Amino acid sequence: MRRLHVLAFGLALTLTGCGESAAPVVEPGGLALVGGQLIDGTGAAPVADSVVVIRDGRIARAGSRGATAVPAGAEVIDVTGKTIIPGLVNLHVHYREGPEEIQRQFQSQLYYGVTTARSIGSDSPERVAFLLEANAGRPDFPRAYTAGLGFSRPGGFNAAGRNAPETEEEARALVRDQIALGVHFIKMWVNAVPEPGLKIVPEIRTAIIDEAIQNGAIPVAHIDDEVDGRQLVEAGLRDLLHSTVLTFGPGAGVPVDDPDPSQEFIQMCLDNGVSFTPTLSIVQGNWHFAEHPELLDDPALRAAFDTYNPDALAGWDDPARRAGVVDAPGFEDRKAAFRQVQDFVKTMHDAGVKIALGNDAGTPNVPFGWGMHHEMELYVEAGLTPMDAIVAATATGAGQMPPVGEADFGTLEAGKVADLLVLNADPLVDIRNTLDIDQVMRLGEWVERGGVLSTP
Ligand SMILES: [Zn+2]
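Note that this note's numbering numbers the sequence shown so that position 330 is 427, with each residue one more than the last.
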């Protein structure tokens, strides 16, 4: 096979002649999206009048119309007036229930163009096996990475049903057990806790990180403050979830006195290539639908809720419940505290720290699929440009994934996997236009989006 390939290459050279600076050989066939605005996910300037050629599930070529030939015999689709962006990468989801429910959650994700997700800490061995199948390159499923079951302290946050080692030796053995299942990441919760002693201690965190790295898995941690962030980075962890502003647990929900990350910590993140996935939606989701019930007019959003939490939907449909949230004492404080987390996103982004996108989809008020677009809107509200938010939601997230399976996704460059969205309106004008979806492509095939509305 390899030899044949070499021979074919030699033939191509012969045919194009010696010494000529011939254009690359354009193989016939494939699919060409012509005339749309291309946002390739790298952060490069958008290409106003583009050609994107797709063949065998991959981007064969992409660029301006003048520089990108449409192959002979290609199926041409005119996408004039539309915008093409890469498939969205959600770094923080929690799938719920069994394969049947998860397939409906997958449908919601694909409907909204979320073509990759990382399930982070609540997957049983059975679910890990199911998600590994999804990661093997099925066009009917979003690509799925998993951290299996996460790590906490006995009696601590999310400890029930997860790994809660008492000793370093036990921690290392439990990490190896997870990795033996095939997980890609090892997750730990280093949360604010109601009493000292319930937080996973530094020695055990270090053992978890070391054992994960030694065995080829990537350690990831939930944090709520900078002290923990520093210790984890010193121990070798590079992927932090949430922020250094207190958002979860006791004391959360009121603005803190000193919300800004220190210059020293910012430098530490830069020096070590640390990324943050701040998950704004899980915080704001606790009230956003009370203020904006009109969002629930979207039948696909209702369907997304219905795949895992119909009770939440019923609650937000109830005017009395909505009024109870908005009129509750401390409501303005909650919003001010949330703004501090948005400021964290802006500060870290402006400093050059990698900011990816993840939203805790699958928690009560963060629906699969739709929530990813809302998280981008919250980034723009935080002060990022729409282009920054799109890069965070695509290339930056993809860069956090390990090189397993068909891992070359996240941008629309030649050779990358053809996961993409065709939008009816320009997201650079208004980031909410990412929700105005014409079509979604996964692995070079158009997604049957209608199914999400007809599923019971
Ligand atoms: Zn989470």
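We treat Cβ as the ideally placed atom computed from N, Cα and C, and that holds for glycine.
Just so it is clear, the structure is predicted and the values come from calculations on it, not from any experiment.
Is the region 451-464 in contact with the region 474-492, if contact means three or more CB pairs nearer than 8 Å? They touch, by the three-pair rule.
Could you check what DSSP says for Q497 in three-state terms: helix, strand or coil? Here Q497 carries a coil assignment [DSSP, helix/strand/coil].
When the Cα atoms are used, what is the spatial distance from W543 to Q200? Here the C-alpha atom of W543 lies approximately 17 Å from the C-alpha atom of Q200.
Evaluate the contact criterion for the region 178-185 versus the region 515-535: three or more CB pairs, one atom per stretch, below 8 Å. Under the three-pair Cβ rule at 8 Å, the region 178-185 counts as touching the region 515-535.
What are the residues that DSSP puts in a beta bridge with S216? V190 and T243, per the DSSP bridge assignment.
Extent of the continuous beta strand (DSSP E) to which P183 belongs: Annotation: the continuous beta strand (DSSP E) that includes P183 extends over T180 to P183.
What are the boundary residues of the alpha helix (DSSP H) that P316 is part of? Per DSSP, P316 belongs to no alpha helix (DSSP H); it is in the beta strand (DSSP E), I315 to I320.
Taking the alpha-carbon positions, what's the P396 to L550 distance? Rounded to the nearest whole angstrom, the CA to CA distance from P396 to L550 is 7 Å.
If you follow the beta strand (DSSP E) that F373 is in, where does it begin and where does it stop? For F373, the enclosing beta strand (DSSP E) stretches over residues S372 to T374.
Which whole-angstrom value is the C-beta distance of G127 and V149, which I expect to be below 8 Å? In this structure, G127 and V149 do not form a Cβ contact; the two beta carbons are roughly 10 Å apart against a cut-off of 8 Å.
Find out if the Cβ-Cβ distance for the pair N255, G245 is shorter than 8 Å. Taking 8 Å as the cut-off, the beta carbon of N255 is found no closer than this to the beta carbon of G245.
With DSSP as the reference, label S118 as helix, strand or coil. The predicted model places S118 with a pLDDT of 44, which falls under 50 and marks its position as unreliable; any figure quoted below should be read in that light. Three-state DSSP puts S118 in coil, outside helix and strand.
Of all the options I452, V380 and D175, which has the alpha carbon lying nearest to the alpha carbon of R436? Of the candidates I452, V380 and D175, the residue whose Cα lies closest to the Cα of R436 is V380.
A511 versus G253 - alpha carbon distance: G253 has its alpha-carbon roughly 47 Å from the corresponding atom of A511.
Among P407, F465, D485 and G421, the one whose alpha carbon lies nearest that of K443: Answer by Cα proximity: D485.
Starting from the N-terminal end, write out each residue whose C-beta falls within a distance shorter than 6 Å of any non-hydrogen atom of ligand 1. Output, sorted by chain position: H189, H191, I217 and D457.
Any 3 or more C-beta pairs closer than 8 Å across the region 396-405 and the region 193-211: Contact between the region 396-405 and the region 193-211 is present, because at least three Cβ pairs lie under 8 Å.
Taking 8 Å as the threshold, find out whether the region 164-173 comes into contact with the region 126-140 through three or more Cβ pairs. Segments in contact, yes.
For D535 and I156, I'd like the C-alpha separation in whole angstroms. Approximately 19 Å, taken between the alpha carbons.
Out of A277, A434, V287 and L509, point me to the one whose CA is closest to P222's CA. It is A277.
Between the CA atoms of A226 and G279 - distance to the nearest angstrom: A straight-line Cα-Cα distance of about 8 Å links G279 and A226.
Sheet register partners of R155 (DSSP bridge): R155 pairs with R152 and V514.
Taking C-alpha atoms, which residue in K432, L481 and M365 lies nearest to A349? Distance from the Cα of A349 is smallest, within the candidate group K432, L481 and M365, for K432.
Strand pairing of H389, partner residues [DSSP]: H389 is not bridged by DSSP to any residue.
Taking buried to mean at least 16 other C-beta atoms within 10 Å of its own C-beta, is N288 buried or exposed? So N288 counts as buried.
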